[in-house]
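Listed in order, the protein sequences are those of chains Y and P. If you read the first sequence in the working numbering, its first letter stands for residue -12, the second for the next number, and so on. If you read the second sequence in the working numbering, its first letter stands for residue 892, the second for the next number, and so on. We put the CB at the ideal spot given by N, CA and C, even for glycine. Here the structure comes first, spelled out in structure tokens, and everything after it is commentary.
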Amino acid sequence: GIQVEQSPPDLILQEGANSTLRCNFSDSVNNLQWFHQNPWGQLINLFYIPSGTKQNGRLSATTVATERYSLLYISSSQTTDSGVYFCAVVNNNDMRFGAGTRLTVKP
Amino acid sequence: SAVISQKPSRDICQRGTSLTIQCQVDSQVTMMFWYRQQPGQSLTLIATANQGSEATYESGFVIDKFPISRPNLTFSTLTVSNMSPEDSSIYLCSVGQGMNYGYTFGSGTRLTVV
Chain Y
-12 GIQVEQSPPD LILQEGANST LRCNFSDSVN NLQWFHQNPW GQLINLFYIP
38 SGTKQNGRLS ATTVATERYS LLYISSSQTT DSGVYFCAVV NNNDMRFGAG
88 TRLTVKP
Chain P
892 SAVISQKPSR DICQRGTSLT IQCQVDSQVT MMFWYRQQPG QSLTLIATAN
942 QGSEATYESG FVIDKFPISR PNLTFSTLTV SNMSPEDSSI YLCSVGQGMN
992 YGYTFGSGTR LTVV
């Protein structure tokens, strides 16, 4: 099946810093999404981005489907950005997740 | 986008018992998915549930342990049977909404088996 790799596995930032999270995938995909899992376990959809670039406030994402990777940018990070960020891809209808990046933003 | 109501949100269960988790969607969807997230791990697909047919299970998951019902296009249940402490996880349901909308997840069920 399709492989999804995320990097880095852990990231510690000072409040106000910027960061880039990466997702590599091993095959062509119909869908790619970025999620944020908060400390209560809720999975929040950040971006649906099978290709191209999208922005939402301090967050933006870019997927280069031909090169099989996606990037999530977080600017001016805040403590509320802490949690785990997952990249997930759809290939043949079901969604597969990467291992996630655990982000800690310190005040 | 679709809204999913999942319950219970959490439960503490005795080993050897079973727990049924419910997901209700506010619109009709063809496919529903069930995931497990073990502590500190990513999400793993358990099975795909289509209305009117048997669920399709991923490698490592069996129907006797995780029976699934899909009686109509807006509802599904997952039962965790004969539980052991190793079943302590977050269980989530999900639906796909077609092109341009991606997949939506329920709020999850945090299960602790003692």
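- At a cut-off of 3 residues, the continuous stretches assigned as beta strand (DSSP E) that sit fully inside the stretch 912 to 964 of chain P are 922 to 928, 934 to 941, 959 to 963.
- Listed as beta-bridge partners of residue 977(P) by DSSP are no residues whatsoever.
- For residue 66(Y), the closest of -10(Y), 89(Y), 78(Y) by C-alpha to C-alpha distance is 89(Y).
- Within the same chain, 921, 961, 962, 963, 964 come within 8 Å of residue 942(P) by CB-CB distance, once the 5 residues on both sides are set aside.
- Judged by their CB atoms, residue 926(P) and residue 939(P) are not nearer to each other than the 8 Å cut-off.
- Within the stretch 6 to 31 of chain Y, the residues whose Cβ lies closer than 7 Å to some Cβ of chain P are 18, 20, 28, 29, 30, listed in chain order.
- One alpha carbon belongs to residue 75(Y), the other to residue 19(Y), and they sit about 6 Å apart.
- Contact annotation: in the stretch 63 to 89 of chain Y, residues whose CB is within less than 8 Å of a CB in chain P are 73, 75, 77, 80, 81, 82, 83, 84, 85, 86, 87.
- Note on geometry: alpha-carbon atoms of residue 68(Y) and residue 92(Y) lie some 7 Å from one another.
- Taking C-beta atoms as the reference points, residue 22(Y) and residue 11(Y) fail to come closer than 8 Å.
- Boundaries cannot be given for residue 992(P), as no beta strand (DSSP E) includes it and DSSP labels it neither H nor E.
- At a cut-off of 8 Å between beta-carbon atoms, residue 939(P) makes contact with chain Y.
- Chain-order list of chain Y residues neighbouring residue 922(P): 80, by C-beta distance under 7 Å.
- For the stretch 967 to 998 of chain P, the residues whose beta carbon sits under 9 Å from a beta carbon of chain Y are, in order, 981, 983, 985, 987, 990, 991, 992, 993, 994, 995, 996, 997, 998.
- Contact check for residue 5(Y) against residue 57(Y) fails: the beta carbons are separated by 8 Å or more.
- Residues of the same chain with a CB within less than 6 Å of the CB of residue 946(P), apart from the 5 flanking positions on each side, are 938, 940, 959 in chain order.
- The beta-carbon of residue 933(P) is placed less than 8 Å from the nearest beta-carbon of chain Y.
- Closer than 7 Å at the C-beta level to chain P, one finds no residue of the stretch 37 to 65 of chain Y.
- DSSP, read as helix, strand or coil, puts residue 67(Y) in helix.
- Among the CB atoms of chain Y, one or more fall inside 8 Å of the CB of residue 1001(P).
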